[in-house]
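Peer 1: If you scroll down you'll find the structure; I have some questions about it.
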Amino acid sequence: MTAPALGKDLTGLEHMTPEQIRLILDTAEPFKEVSERPIKKVPALRGKTIVNLFFEASTRTRISFEFAEKRLSADTVNVAATGSSVSKGETLVDTARNLEAMRIDMVVIRHPSSGAAEFLGDRIASNVINAGDGKHEHPTQALLDLLTIRDKHGKIEGLKVCLVGDVLHSRVARSNLWGLTKLGAEVAVCGPWTLMPRGIEELGVTVFGRLEEAIEWADVLNVLRLQLERMEKGFIPSLREYYRVFGVTPERLERSPKPITIMHPGPMNRGVEIDSRVADGPHSVILDQVTNGVAVRMAVLYLLAGGRAELADAAKRGGGSE
Amino acid sequence: MLLQGGRVIDPSRDLDDPADVLIQDGKIAAVGRGLSAPDGALIRNVKGKIVAPGLVDLHVHLREPGNEDEETVASGARAAAAGGFTAICAMPNTDPVTDNQAAVGFIVRQSGRAGLARVHPIGAVSIGQRGERLAEFGEMVGAGAVAVSDDGKPIVSSHLMRTALEYARTFDIPVADHCEEPTLAAGGVMHEGLVSTRLGLKGIPAAAEEIMVARDVVLAELTGGHVHLCHMSCRGSIALIREAKERGIRVTAEVTPHHLTLTDYACEEYDTHAKMNPPLREAADVAALRGALKEGVIDCIASDHAPHAYDEKEAAFDDAPFGVVGLETAFAVANTELVESGIFTLPELIRRMSTDPARVFRLSGGTLAPGAVGDVAVFDTTAKWSVDPAAFHSKSRNTPFTGRPLTGRAVLTIVAGTIVHEL
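If you read the sequences in order, they're chains A and B. Heads up, the first sequence is in the working numbering, so the first residue is 1 and it goes up one at a time. Heads up, the second sequence is in the working numbering, so the first residue is 1 and it goes up one at a time.
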């Protein structure tokens with residue numbers, strides 16, 4: 001069987017097919033094992049040059065990509081372009097042209113403007129991977145979330161997953177929403193109405209106004225980070241009140257008839273959107289998400305570089321799930 | 001000059017007949033059948049073509065002074081002539097702002113030098129468009145200003161809007177407002193709705209426009225001044241305007257060709273040529289705008305021609321400037337979408353693009369009545385063409401209609417009896 005190609009770039013999950021998403025998850029399976037070896041390196045991307053272009057601060061995502069690239073033997077360069085006096089748009093066009101001129105193979109880009117990854121991908125021949133663009137998408141985060149859910153529950157289809165918190169400003173929420181619905185999960189969002197984007201219900205998701213209702217419904221809670229500036233901009237009155245009304249606490253979770261899997265894309269604000277006892281509790285898979293992040297990113301890099309889909313098939317024969 | 005054998009449409013006199021049009025000494029001399037040309041007069045056979053009063057655009061941005069690389073008074077007037085416009089009104093958000101009689105006089109002189117479509121300056125409401133102190137309306141009107149506006153920015157202070165409407169009464173000019181409640185619109189780059197949610201772009205809710213429309217209508221009633229509402233974009237605004245007109249409040253309104261034809265779906269793929277302010281809204285808004293224009297609740301079409309350098313639009317959506325050019329596509333877009341589709345008759349469209357805008361700003365033109373200015377446009381309403389920005393006379397290319405097949409275009413544009421454009 002020939003597997004579906006991914007195309008040149010990975011800019012988001014909205015326009016991907018379920019088959020393409022499954023291919024990435026299945027390809028990630030064999031890569032998990034690479035990170036468990038004493039010598040964590042395979043030659044898959046030897047001779048490829050990759051630029052990690054981060055216009056926005058990032059620790060976890062950047063390091064995760066860098067490990068993924070290095071474990072595939074690629075040559076990598078990190079560029080952190082923050083706070084230049086040149087306007088962001090001009091920088092992006094010129095950056096695209098300069099990268100093109102240097103004949104690099106792949107670019108991993110994070111940018112504060114929605115659409116920046118597509119913008120870059122349309123202008124250069126290299127593969128472009130979106131590591132987060134504005135409030136638009138963060139596809140590799142959603143892919144690692146999907147992989148983690150599949151590991152934990154053995155399936156995605158039919159599961160009830162609720163994204164909790166600042167959906168309005170969250171690229172993680174948007175990518176999760178597309179990925180989850182495409183793979184057959186039921187998706188809900190929950191948070192204060194000030195942080196719900198307009199028209200979200202038209203995307204086929206349930207909206208819960210109260211966390212208690214969401215907990216009663218969900219198999220999985222993916223708790224989004226609440227940025228401090230949301231309070232400064234007046235979306236919520238205080239972090240204290242946010243915790244009291246929307247904080248995921250053991251007391252609230254106790255009211256669920258079944259154990260709920262707890263996820264968080266990080267970095268966490270303990271005591272704001274999530275209680276430490278929940279984050280560190282038995283049903284938290286937050287660190288599994290981080291581990292899976294490397295494998296998923298290896299899979300994306302490998303497939304975009306033209307890697308064979310058979311890896312995924314082999315993994316499935318070897319007992320991979322779904 | 002004699003235009004022979006065309007179909008003459010003059011909405012100012014409800015005229016739609018085959019006739020000749022004679023222009024002498026810069027004025028319309030006669031309209032009728034079998035007119036003969038005086039010795040030495042230019043004669044154009046326009047059989048099969050439409051002869052109409054030249055189009056009038058109440059809302060364009062020419063970038064002179066300040067950004068002459070994007071547009072000048074002359075290049076804008078040339079683009080206007082190519083689009084069948086004989087008069088355009090230039091917004092004052094130039095650099096420096098057109099907020100005094102010297103600056104207004106400069107536009108008038110540049111227009112005279114160009115000798116193309118007439119360019120009428122609009123003066124600023126407030127000095128520097130800073131929204132604080134009134135500019136000198138009287139002196140600006142004396143220098144040639146036909147209206148005042150802080151367009152590009154809303155008039156935030158209700159007190160300033162009130163005094164502007166009151167003070168403008170002395171000079172019998174309208175105050176044109178860009179209706180946008182700034183705290184609701186802050187940071188927004190497109191219509192707030194499903195598409196903005198999917199694209200992760202900050203939206204501008206329709207309420208931001210509607211709130212200011214409501215305020216302006218209330219202040220127009222309070223002051224007895226004439227408020228002109230720029231580029232209406234949403235259905236909620238229309239309900240407010242309709243009600244105000246029914247109560248006899250002096251309110252007029254305009255709508256752009258792009259708001260009559262495109263929705264927020266044009267922003268898909270982060271197309272910065274679909275980024276304008278007010279933003280493209282929903283299909284229900286487009287339908288309501290069309291209905292309101294037909295009914296006369298909205299008085300006229302205005303292009304909101306807003307030139308930008310190509311590389312400014314070559315940016316991430318958040319970073320690109322608002323605005324699109326429109327002078328060279330306005331008639332064809334409206335003819336194709338409103339007349340060809342059977343919603344408007346051709347005389348109805350010409351009324352909304354010529355006679356009515358001239359009435360709203362009390363300009364000469366908009367009529368072929370004998371004695372009126374000799375501003376005439378001849379259209380071939382069967383001509384098929386597709387939009388090629390490289391062929392624009394405007395210095396800028398930022399159109400959302402690239403490649404779009406259109407029907408109808410100006411083949412001859414005459415200002416004060418002089419040909420300023422001929423295909």
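Even for Gly, the Cβ is constructed at its ideal location relative to N, Cα and C.
Please confirm if PHE443 of chain B has its CB atom under 8 angstroms from at least one CB of chain A.
Peer 2: The requested residue 443 of chain B does not occur in the structure, where chain B is confined to residues 1 to 423.
Peer 1: In the DSSP assignment, find the unbroken beta strand (DSSP E) run with ILE211 of chain B in it and report its ends.
Peer 2: Translated into the one-based positions of the second sequence, residue 211 of chain B becomes position 211. Run containing ILE211 of chain B: none in the beta strand (DSSP E); it sits in the alpha helix (DSSP H), 206 to 223.
Peer 1: Taking Cβ-Cβ distances below 8 angstroms as the criterion, which residues of the segment 183 to 200 of chain A are in contact with chain B?
Peer 2: Going along the segment 183 to 200 of chain A in chain order, one finds PRO197, ARG198, GLY199 and ILE200 with a Cβ nearer than 8 angstroms to chain B.
Peer 1: Which runs of the beta strand (DSSP E), 3 residues or longer, sit entirely within the segment 86 to 167 of chain A?
Peer 2: Listed in chain order, the complete beta strand (DSSP E) runs (minimum 3 residues) inside the segment 86 to 167 of chain A are 106 to 111, 127 to 133 and 160 to 164.
Peer 1: In chain A, what lies closer than 9 angstroms to GLY152 of chain B by C-beta?
Peer 2: The residue given as residue 152 of chain B occupies position 152 in the second sequence. Those within 9 angstroms of GLY152 of chain B in chain A number zero; the least Cβ separation is about 19 angstroms.
Peer 1: Over the uninterrupted alpha helix (DSSP H) stretch that includes LEU386 of chain B, give me the two end residues.
Peer 2: For the purposes of this step, residue 386 of chain B is taken as the residue at position 386 of the second sequence. Rather than Leu, the amino acid found at residue 386 of chain B in this sequence is Ser. Note, SER386 of chain B: premise wrong, no alpha helix (DSSP H); beta strand (DSSP E) at 376 to 386.
Peer 1: From the beta carbon of GLU314 of chain B, is the nearest beta carbon of chain A less than 8 angstroms away?
Peer 2: Here residue 314 of chain B refers to the residue found at position 314 of the second sequence. At least one chain A Cβ lies under 8 angstroms of GLU314 of chain B.
Peer 1: At 3 residues or longer, what runs of the beta strand (DSSP E) sit wholly inside the segment 140 to 183 of chain B?
Peer 2: Fully enclosed beta strand (DSSP E) runs of 3 or longer: 147 to 149 and 175 to 177.
Peer 1: Return helix, strand or coil for ARG247 of chain B, following the three-state DSSP convention.
Peer 2: Numbered from 1 along the second sequence, position 247 holds the residue referred to as residue 247 of chain B. Note: ARG247 of chain B maps to coil in three-state DSSP.
Peer 1: DSSP three-state call for SER31 of chain A: helix, strand or coil?
Peer 2: Stepping through the first sequence from its first residue, residue 31 of chain A is reached at position 31. A small fix is needed here, since residue 31 of chain A is Phe in this sequence, not Ser. PHE31 of chain A falls in the helix class under three-state DSSP.
Peer 1: Can you grab the Cα-Cα spacing for the pair THR402 of chain B / HIS393 of chain B, in whole Å?
Peer 2: In the second sequence, counting from the first residue as 1, residue 402 of chain B sits at position 402. In the second sequence, counting from the first residue as 1, residue 393 of chain B sits at position 393. Their Cα atoms are separated by approximately 15 angstroms.
Peer 1: How far does the beta strand (DSSP E) with PHE208 of chain A in it reach, from first residue to last?
Peer 2: Position 208 of the first sequence, counted from the first residue, corresponds to residue 208 of chain A. Taken as a continuous stretch (DSSP letters only), the beta strand (DSSP E) holding PHE208 of chain A covers 206 to 208.
Peer 1: Residues of chain B with a CB under 9 angstroms from the CB of GLU14 of chain A: which are they?
Peer 2: Start at 1 with the first residue of the first sequence, and residue 14 of chain A comes out as number 14. Simply ARG198.
Peer 1: Among the residues of its own chain, which have a CB less than 8 angstroms from the CB of ASN45 of chain B, if the five just before and after it don't count?
Peer 2: Against the second sequence, residue 45 of chain B aligns to sequence position 45. Cβ within range, chain order: GLN4 and GLY5.
Peer 1: Are the Cβ atoms of ASP105 of chain A and ASN127 of chain A separated by less than 8 angstroms?
Peer 2: In the first sequence, counting from the first residue as 1, residue 105 of chain A sits at position 105. In the first sequence, counting from the first residue as 1, residue 127 of chain A sits at position 127. It is a contact, given that the beta carbons lie within the stated cut-off.
Peer 1: Name the DSSP beta bridge partners of GLN4 of chain B, please?
Peer 2: The sequence position of residue 4 of chain B within the second sequence is 4, counting from 1. GLN4 of chain B is bridged to B:ASN45.
Peer 1: So, under 8 angstroms CB-CB, LEU349 of chain B and VAL360 of chain B are touching, yes? Tell me the CB distance rounded to an integer number of Å.
Peer 2: In the second sequence, the residue the question calls residue 349 of chain B occupies position 349. In the second sequence, the residue the question calls residue 360 of chain B occupies position 360. The pair is not a contact, with the Cβ atoms about 16 angstroms apart (cut-off 8 angstroms).
Peer 1: Measure from the C-beta of GLU202 of chain A to each C-beta in chain B and report whether the shortest distance is under 8 angstroms.
Peer 2: Here the question's residue 202 of chain A lines up with position 202 in the first sequence. It does; some Cβ of chain B falls within 8 angstroms.
Peer 1: DSSP state of ILE21 of chain A, grouped into three classes?
Peer 2: One-based indexing of the first sequence puts residue 21 of chain A at position 21. Of the three classes helix, strand and coil, the one that applies to ILE21 of chain A here is helix, per DSSP.
Peer 1: When the Cα atoms are used, what is the spatial distance from PRO121 of chain B to ILE301 of chain B?
Peer 2: Residue 121 of chain B sits at position 121 when you count from the first residue of the second sequence. Residue 301 of chain B sits at position 301 when you count from the first residue of the second sequence. Taking the straight line from one Cα to the other gives about 18 angstroms.
Peer 1: With a cut-off of 8 angstroms, does the C-beta of ASP9 of chain A fall near any C-beta of chain B?
Peer 2: Within the first sequence, the letter at position 9 stands for residue 9 of chain A. Chain B contact via Cβ: absent.
Peer 1: Using a beta-carbon distance cut-off of less than 9 angstroms, what residues from the segment 107 to 118 of chain A approach chain B?
Peer 2: Correct list: HIS111, PRO112, SER113, SER114, GLY115, ALA116 and GLU118.
Peer 1: Excluding the five sequence neighbours on either side, which residues of its own chain have a C-beta within less than 6 angstroms of the C-beta of ARG33 of chain B, listed in chain order?
Peer 2: Here the question's residue 33 of chain B lines up with position 33 in the second sequence. Cβ neighbours of ARG33 of chain B beyond the five flanking positions: ALA19.
Peer 1: What does a CB cutoff of less than 8 angstroms around SER85 of chain A pick up in its chain, not counting 5 residues either side in sequence?
Peer 2: Taking the first residue of the first sequence as 1, we reach residue 85 of chain A at position 85. Because SER85 of chain A carries a pLDDT of 36, less than 50, the predicted location of this residue cannot be relied on, and the following value inherits that uncertainty. Excluding positions up to five away in sequence, the list is empty.
Peer 1: Between the Cα of ILE155 of chain B and those of B:ILE211, B:PHE171, B:THR345 and B:SER111, spot the shortest distance and give me the residue it belongs to.
Peer 2: Residue mapping note: residue 155 of chain B aligns to position 155 of the second sequence, counting from 1. Cα-wise, what sits closest to ILE155 of chain B is B:ILE211.
Peer 1: Where DSSP assigns a beta bridge to GLU254 of chain B, which residues make up the other side?
Peer 2: The residue labelled residue 254 of chain B in the question sits at position 254 within the second sequence. Partner(s): B:CYS300.
Peer 1: Closer than 9 angstroms, Cβ to any Cβ of chain B: which residues of the segment 131 to 153 of chain A, in chain order?
Peer 2: Per Cβ criterion, the list reads ASP133, GLY134, LYS135, HIS136 and GLU137.
Peer 1: Would you grab the beta carbon distance between VAL415 of chain B and GLY54 of chain B for me? Rounded to a whole angstrom, and I think it's under 8 angstroms.
Peer 2: Locating residue 415 of chain B in the second sequence gives position 415, counting from the first residue. Locating residue 54 of chain B in the second sequence gives position 54, counting from the first residue. Right, their Cβ atoms sit about 7 angstroms apart.
Peer 1: Which one of B:GLU139, B:MET91, B:LYS202 and B:ALA87 has the shortest CA to CA distance from ALA114 of chain B?
Peer 2: Reading the second sequence from its first residue, position 114 is the one you call residue 114 of chain B. Checking every option, the nearest Cα to that of ALA114 of chain B belongs to B:ALA87.
Peer 1: Along the beta strand (DSSP E) that carries LEU221 of chain A, what are the first and last residues, could you check?
Peer 2: By one-based count along the first sequence, residue 221 of chain A stands at place 221. Its beta strand (DSSP E) spans residues 220 to 223.
Peer 1: Give the interface partners of LEU192 of chain B over in chain A, defined as CB-CB distance under 8 angstroms, in chain order.
Peer 2: Start at 1 with the first residue of the second sequence, and residue 192 of chain B comes out as number 192. Correcting the residue identity first, residue 192 of chain B is Glu in this sequence and not Leu. What GLU192 of chain B touches in chain A: ARG198.
Peer 1: Less than 8 angstroms between CB atoms is the rule here; does ASP95 of chain B satisfy it with respect to chain A?
Peer 2: For the purposes of this step, residue 95 of chain B is taken as residue 95 along the second sequence, with counting starting at 1. It does not: the Cβ of ASP95 of chain B has no partner Cβ on chain A nearer than 8 angstroms.
Peer 1: ASN335 of chain B by DSSP, collapsed to three states: which one?
Peer 2: As a first step, residue 335 of chain B is located in the second sequence; it is residue number 335 there, counting from the start. Helix.
Peer 1: Would HIS59 of chain B be called buried (16 or more neighbouring beta carbons within 10 Å of its own) or exposed?
Peer 2: Against the second sequence, residue 59 of chain B aligns to sequence position 59. That one is buried.
Peer 1: Within this structure, are the beta carbons of ALA135 of chain B and ASN100 of chain B separated by less than 8 angstroms?
Peer 2: Here the question's residue 135 of chain B lines up with position 135 in the second sequence. Here the question's residue 100 of chain B lines up with position 100 in the second sequence. The answer is yes: Cβ separation under 8 angstroms.
Peer 1: Which residues mark the beginning and the end of the alpha helix (DSSP H) in which LEU180 of chain A is found?
Peer 2: Numbered from 1 along the first sequence, position 180 holds the residue referred to as residue 180 of chain A. Per DSSP, LEU180 of chain A belongs to the alpha helix (DSSP H) from 171 to 182.
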